[in-house]
Amino acid sequence: MASDFKYLKEKICKNIVKYRKAAGLTQVQLSIASSASEDYIYRIEKGKRTPSLERLHKIAAALNIDILELLK
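Just so it is clear: in the sequence shown, position 33 is 65 by our numbering, and no numbers are missing.
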């Protein structure tokens, strides 16, 4: 069970980076668009923070993607 959560967390982190770069956004730009601090976005991308469902929704909206794309 813990390994499933760890895998999902890593997948989310990688997908945020992937979609952020595909959108041509910096961490600063994503942080502004999703109403999060730059440090928080950095920590999510590095796997040091686990974003809430609400935060994932804001990040997905800022990236102009469906939230489910972050989970694939």
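Built from N, CA and C at the ideal position, the CB exists for glycine as well.
Predicted model only: the values in this text are computed from it and were never measured.
Item to complete: Just tell me which of 75, 99, 52 and 56 has its CA closest to the CA of residue 89.
Response: 99
For residue 60 and residue 85, what's the separation of their Cα atoms in angstroms?
21 Å
| said: Using 8 Å as the threshold, is the C-beta distance between residue 52 and residue 102 below it? | reply: no
Within 10 Å of its beta-carbon, does residue 40 have 16 or more other beta-carbons around it, so buried, or fewer, so exposed?
exposed
Quiz item: Should residue 77 and residue 45 be called a contact, given that it needs their Cβ atoms to be closer than 8 Å?
Solution: yes
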